[in-house]
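Take 50 as the starting number for the sequence shown in our numbering and just add one per residue. Data block below; observations after.
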Amino acid sequence: MEEKELNLLEILGAIWQRKIIIILLAVIIGVLAFVKVSFFTEEKYASKGTLYISNISSDVNTNKLSQSDILSARELSATYKEILFTRSFLNEVATVVGGEYSWAEIKSMISISSVNDTELLSISVVSKNPKDSYMIAQAILEKAPEKLTSVFSSGQVTVVDEAVYEKNPVDKGAAKFTALGAFVGIVLGVVIVLLFHFFDNKVHRGDDVSKRYGVSILGELS
50 MEEKELNLLE
60 ILGAIWQRKI
70 IIILLAVIIG
80 VLAFVKVSFF
90 TEEKYASKGT
100 LYISNISSDV
110 NTNKLSQSDI
120 LSARELSATY
130 KEILFTRSFL
140 NEVATVVGGE
150 YSWAEIKSMI
160 SISSVNDTEL
170 LSISVVSKNP
180 KDSYMIAQAI
190 LEKAPEKLTS
200 VFSSGQVTVV
210 DEAVYEKNPV
220 DKGAAKFTAL
230 GAFVGIVLGV
240 VIVLLFHFFD
250 NKVHRGDDVS
260 KRYGVSILGE
270 LS
């Protein structure tokens, strides 16, 4: 047990002795990550809208929804999302926005998620152009009710929030990537220091001779 503790202390000591290497790598990689994200990553713009999903058609004569109706609508949300990602639907969207993008390109711009496990679907479109993001998001919101109710005739789809034209770009996450780069630098620095330590065959102290060759040291010359 003592030998393990001693080895651990040696490792910690080696890391501490070469801490400058670790700090430099953390700073260098962190700065490189910041520069990469801030100056060499293209700005992107997002446009968002919201749909309300119900499995009860508006022509059904009822004034209340049961718990099973709500749960059923939530379960259908996953199916609705997949329908909105289909080639046939996205081709319709591509036609509405002028055919500048293919259905596959539009698919790569879209993210659809349930809002807090409710019957609400949040639709977000991210592209390099704010106008394109807005037009695609608005086209999806306009075409989605018709497409979804054609598959589920008993359901109802309502646009809750129209698409928003956002002039400000999406946050690139420079702080997050800088911190991640610094962490990678620390890990890399520690690995390099440990490799130096384990492959260092030089005798630095009398204790090194004693441990390595099992002999006693009578004295040392300074």
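C-beta atoms are modelled at their ideal positions from N, C-alpha and C, and glycine is treated no differently. Keep in mind the model is a prediction, meaning the values are calculated, not measured.
Test item: CB-CB of residue i and residue j under 8 Å
i      : j      : result
Ala231 : Ser87  : no
Ile219 : Met184 : Per the sequence shown, the amino acid found at residue 219 is Val instead of Ile. Not a contact, by the Cβ cut-off of 8 Å.
Ile64  : Val242 : yes
Thr227 : Phe83  : yes
Lys192 : Phe134 : no
Ala188 : Val239 : no
Tyr94  : Glu215 : yes
Of the residues the options, the one placed nearest residue i, counting alpha carbons only
i      : options                        : result
Ser103 : Glu168, Ile189, Val200         : Glu168
Gly98  : Phe201, Glu91, Phe245, Ser160  : Ser160
Leu237 : Asn56, Arg67, Leu58            : Arg67
Ser202 : Asp166, Tyr129, Tyr94          : Tyr129
Gly204 : Ser163, Ala212, Ser126         : Ser126
Tyr150 : Ser163, Ser182, Ile172, Phe245 : Ser182
Lys221 : Leu81, Glu91, Ile60            : Glu91
Val80  : Asn140, Lys225, Asp166         : Lys225
Val233 : Asp166, Asn140, Val76          : Val76
Leu229 : Asp166, Leu61, Lys85           : Lys85
Lys180 : Asn217, Phe245, Ser163, Phe247 : Asn217
Within-8 Å CB hit, residue i to chain B
i     : result
Phe89 : The displayed structure is made up of one protein chain only, and chain B is not part of it.
Bridge partners - residue i, DSSP secondary structure assignment
i      : result
Glu95  : Correcting the residue identity first, residue 95 is Ala in this sequence and not Glu. Ala95 pairs with Val175.
Tyr101 : Leu169, Thr207
Ser163 : Leu170
Supposed close pair residue i, residue j - CB separation, criterion 8 Å
i      : j      : result
Leu170 : Leu100 : 4 Å
Ala153 : Ser96  : That belief does not hold up - the Cβ atoms of Ala153 and Ser96 are roughly 19 Å apart, past 8 Å.
Val213 : Leu190 : Incorrect: roughly 11 Å between the Cβ atoms, too far for contact.
Ile132 : Val206 : Incorrect: roughly 11 Å between the Cβ atoms, too far for contact.
Cβ-heavy atom distance, residue i to the ligand GTP, below 7 Å
i     : result
Ala82 : This structure lacks the ligand GTP, and indeed carries no ligand of any kind.
Margin query: Under 8 Å: do the segment 70-85 and the segment 164-180 share three or more Cβ pairs, one atom per stretch?
Written below: no
Checklist line | Inter-stretch contact at 8 Å, needing at least 3 Cβ pairs: the segment 148-160 / the segment 190-198 | finding: no
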